[in-house]
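Residue numbers (the working numbering): 4 to 493. Data block below; observations after.
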Amino acid sequence: MSKGITSKNEDYSQWYNDIVIKADLAEHSSVKGCMVIKPYGYSIWEKMQSILDQKFKDTGHSNAYFPLFIPKSFFSKEAAHVEGFATECAVVTHYRLKNDGNGNIVVDETAKLEEELIVRPTSETIIWNTYKGWIQSYRDLPILVNQWANVVRWEMRTRLFLRTTEFLWQEGHTAHATADEAIEETRKMLDVYADFAENWMGVPVVKGVKTPNERFAGALDTYCIEALMQDGKALQAGTSHFLGQNFAKAFDVKFTSREGKLDHVWATSWGVSTRLMGALIMAHSDDAGLVLPPRLAPIQVVIVPIHKTEAELQNITAFVDILYAKLKRLGISVKYDDRDTQRPGFKFAEYELKGVPVRIAIGARDMENGTVEIARRDTREKQTVTQEGLEIFIPQLLEDIQNSIFQKALAFREANITKADSYDEFKTLLDEKAGFISAHWDGTPETEQKIKEETKATIRCIPLNNPLEDGVCIYSGKPSTQRVLFARAY
RNA sequence: CGGGGUGUAGCGUAGCCCGGUAUCGCGCCACAUUUGGGAUGUGGAGGUCGUAGGUUCGAAUCCUGCCACCCCGACCA
């Protein structure tokens with residue numbers, strides 16, 4: 004048990020907050036609902052960004068940047084879209100402040116904007132307004148653009164990383180000549196997200212499609228990756244939308260096809276946000292703090308010297324310098340913590356709290372024996388190994404940790420997908436086991452809504468490649484052809 | 001927007017009912033001893049008690065207003 008971290012079993016929600024704060028990832032800012040992402044937390048986000056960014060580029064996308072502000076009129080052009088976001092928009096109405104004569108700074112009412120500006124909650128509208136000028140011919144297509152940006156959604160209730168008023172994300176916005184091509188893009192980016200979640204974050208995800216109720220405002224189809232947290236609640240970790248011609252029609256974006264026919268452009272958009280940080284934290288961490296997968300850890304290996312005398316430290320440091328260089332050369336991020344202001348025990352606890360995957364401790368005893376002590380964060384196991392061959396042992400260990408973190412999460416997820424064949428069973432499972440519940444649903448929004456109202460569980464997705472299976476809806480008893488995944492969600 | 005909290009040193013808190021100028025712990029600074037799992041001792045620094053009024057000889061404490069943030073719910077990525 005770590006100092007100051009609430010136990011996961013005692014209060015999961017508090018445990019989560021404690022980890023975010025104590026691991027120095029982020030803190031509440033003086034602006035309601037907004038957080039300060041601290042350097043350590045931001046360095047994890049930067050790793051996520053750089054990996055995702057490379058994947059986007061590898062799949063043919065380029066980055067661009069569009070304005071933070073969206074004229075209100077643009078925003079209103081797509082009916083379902085405005086409906087979906089209207090209640091959570093920050094609006095800029097003035098552009099100047101003044102001194103009121105009593106020493107107070109007030110809004111200068113004479114500086115009222117002709118047209119209010121919306122602080123983007125997402126950029127479809129400003130981007131499609133822009134694309135209108137970029138697209139005339141099929142030769143201009145496809146457009147494959149991504150932007151890294153901040154967005155604002157004025158949520159009622161916020162939680163560090165999981166739901167903040169302002170958050171960081173990337174949003175891809177693509178334009179295509181055909182529906183098939185757009186759908187292919189939508190699915191391709193979903194695969195990119197799933198690959199990233201599983202192979203970098205070590206978080207197993209279910210790929211699926213949303214029901215109409217849960218669909219993005221303005222989309223024809225919303226694909227998603229759904230992850231399961233340790234408390235049995237689901238977390239939507241990324242979405243990829245097939246927008247059809249909705250935005251092209253709203254912004255009058257047409258192109259002339261090879262056949263000389265004029266048609267609206269087909270669109271997709273896809274995004275992941277700093278919410279992934281929340282998923283990462285909740286998926287692996289324990290009561291001792293954060294557990295990071297090696298592939299996203301800003302510090303993969305920390306080396307802690309243990310010494311009594313200055314001579315001992317020098318001896319250790321001489322060895323560490325060589326080891327450090329060897330590991331660096333392998334592309335491993337290493338930190339040698341030779342601060343003499345903190346004792347070893349303090350450092351051990353601190354790096355565990357911060358989720359550093361591998362810790363190497365070296366003392367005078369080790370130097371005599373030609374060994375080091377290696378502790379892995381995920382299992383908290385310690386072993387003594389020879390100094391010789393560490394440059395082979397450490398990379399293997401990091402790989403092993405990466406895999407075992409994923410396998411552990413996967414085993415947990417598999418153990419927490421449960422079939423329910425009656426509504427009673429469904430409700431009992433929700434309260435006693437949680438996790439994903441695989442159940443038959445009659446396909447109607449009404450049934451989905453009722454279940455949501457009565458149990459707070461939503462249909463997280465209809466998994467892709469879902470096996471067809473005749474059954475009856477757990478709620479209405481009507482016939483159903485496949486099971487869908489329900490869960491209570493973040 | 002409903003419900004519940006909290007605002008006192010960098011952080012966490014006691015004091016408030018019953019008014020008399022603020023308690024303790026962590027952290028911080030100095031020195032010494034320490035260093036294989038969050039060190040110990042001694043000394044020291046640090047406070048407009050969220051804010052604006054009111055009552056009073058006197059307010060962290062009583063009264064009124066305001067502000068902010070957190071947690072739970074509805075909403076949502």
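By construction, the Cβ of each residue, glycine as well, lies at the ideal position given by its N, Cα and C atoms.
If we ignore side chains and look at the alpha-carbon of each, how far apart do residue 43 and residue 27 end up?
6 Å
Close-in-space but distant-in-sequence residues of the same chain around residue 160 (CB under 8 Å, 5 per side omitted):
166
If you measure between the beta carbons of residue 579 and residue 172, is that distance less than 8 Å?
Not covered by the structure: residue 579. The range shown for the chain is 4 to 493.
At which residues does the alpha helix (DSSP H) containing residue 281 begin and terminate?
278–287
Count the other C-beta atoms from every protein chain shown that fall within 10 angstroms of the C-beta of residue 216, then say buried if there are 16 or more, exposed otherwise.
exposed
Which ranges does the alpha helix (DSSP H) cover as unbroken runs of at least 4 residues, wholly within the stretch 413–492, from first to last along the chain?
426–435 and 448–458
What span of residues does the beta strand (DSSP E) with residue 354 cover, start to end?
It is not in any beta strand (DSSP E) - residue 354 instead sits in the alpha helix (DSSP H) that spans 347–356.
Provide the residue span of the beta strand (DSSP E) that contains residue 12, from first to last.
Looking at the DSSP string, residue 12 is not in any beta strand (DSSP E), and its letter there is neither H nor E.
When we look at the beta-carbon of residue 265 and count the other beta-carbons within 10 Å, is it buried (16 or more) or exposed?
exposed
Euclidean distance between Cα positions of residue 394 and residue 308:
18 Å
Rounded to whole angstroms, what is the Cα-Cα separation between residue 114 and residue 123?
22 Å
For residue 245, three-class secondary structure by DSSP:
strand
According to DSSP, which residues form a beta bridge with residue 306?
339 and 363
Sub-8 Å separation of residue 211 and residue 227 beta-carbons:
yes
Kindly indicate which three-state DSSP category residue 42 falls into: helix, strand or coil?
helix
Roughly how many angstroms separate the alpha carbons of residue 34 and residue 169, rounded to a whole number?
10 Å
Since residue 461 and residue 492 are thought to touch, with beta carbons under 8 Å apart, how far apart are those beta carbons, to the nearest angstrom?
6 Å
Do residue 258 and residue 132 count as a contact pair if the criterion is CB distance below 8 Å?
no
Just to confirm, are residue 182 and residue 269 a CB contact at a threshold of 8 Å?
yes
Can you tell me which of the three DSSP states residue 329 falls into?
helix
Looking at the unbroken alpha helix (DSSP H) that takes in residue 191, where does it start and where does it end?
182–202
Through-space distance from residue 22 to residue 344, alpha-carbon basis
24 Å
Excluding the 5 residues flanking residue 65 on each side, which residues of the same chain have their C-beta closer than 8 Å to its C-beta?
147, 148 and 149
Would you mind listing the alpha helix (DSSP H) stretches within the stretch 109–158 that are 4+ residues and don't spill past its ends, in chain order?
127–134
Three or more C-beta pairs under 8 Å: does that hold for the stretch 189–201 against the stretch 289–300?
no
Extent of the continuous alpha helix (DSSP H) to which residue 97 belongs:
Looking at the DSSP string, residue 97 is not in any alpha helix (DSSP H); the run it does join, the beta strand (DSSP E), is 94–97.
Can you look up residue 234 in the DSSP assignment and give me helix, strand or coil?
coil
For residue 286, which residues in the same chain have their Cβ closer than 6 Å to its Cβ, ignoring the five residues on either side in sequence?
206 and 412
Would a C-beta distance cut-off of 8 Å place residue 189 and residue 267 closer than the cut-off?
no
Leaving out five residues before and five after residue 402 in sequence, what residues of the same chain have Cβ atoms less than 8 Å from its Cβ?
297
Opposite residue 102 in the DSSP bridges: which residues?
108
Chain-order list of residues whose beta-carbon lies under 6 Å from that of residue 283 (same chain, five-residue window excluded):
204
Rounded Cβ spacing between residue 225 and residue 274 (contact assumed at less than 8 Å)
Not quite, the Cβ-Cβ distance comes to about 11 Å (not below 8 Å), so this is no contact.
I need the straight-line Cα distance from residue 180 to residue 140, nearest angstrom please.
9 Å
Counting pairs of Cβ atoms below 8 Å between the stretch 346–359 and the stretch 321–336, do you hit three or more?
no
For residue 11, count neighbouring C-beta atoms within 10 Å of its own C-beta (all shown protein chains included) and say buried if the count is 16 or more, exposed if not.
buried
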